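>
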Amino acid sequence: MNEQQFLRFLGEKPMHDINLALYSDGTVRIEDERTAWPVGNALHFPDAQSALSWYESLPADSDDARLSMAIDIVGDVESYC
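For the record, in the sequence shown the residue sitting at position 81 is 62 according to my numbering, with numbers rising by one throughout.
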């Protein structure tokens, strides 16, 4: 069984304590950075590098804008991780 391990938060700083957590299995999940609890949906990528590439390719002028855009996209996903 391939267990997911937390790798890092994608945003340089959280938005109202909310950030996107990146996991080793390619999962990107909305989490409260203070508690590390999931507070929203998740997207699943083939691997962590694919997820990171997706995040870095989002068209935004700043990290705050990129994080906000990514949270909006992940928030639209129907299934929880």
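C-beta atoms are modelled at their ideal positions from N, C-alpha and C, and glycine is treated no differently.
From a predicted model like this one, the values you see are computed outputs, not experimental measurements.
Tell whether a beta-carbon distance below 8 Å holds between Ala2 and Phe26.
No, the Cβ-Cβ distance between Ala2 and Phe26 is not below 8 Å.
> State the start and end residues of the unbroken beta strand (DSSP E) segment that holds Ala23.
Trp18 to His25
> Give the straight-line distance between the Cα atoms of Ser43 and Pro19, rounded to the nearest whole angstrom.
24 Å
> What distance in whole Å lies between the Cβ atoms of Val55 and Leu33, which are believed to be in contact at a cut-off of 8 Å?
With a Cβ gap of about 14 Å, Leu33 and Val55 do not count as contacting.
> By how many angstroms is the C-alpha of Ser49 removed from the C-alpha of Met(-4)?
8 Å
> Look at Leu39 and Ala29 and say whether their C-beta atoms are less than 8 Å apart.
no
> Taking C-alpha atoms, which residue in Glu(-16), Leu(-9) and Gln(-15) lies nearest to Glu37?
Leu(-9)
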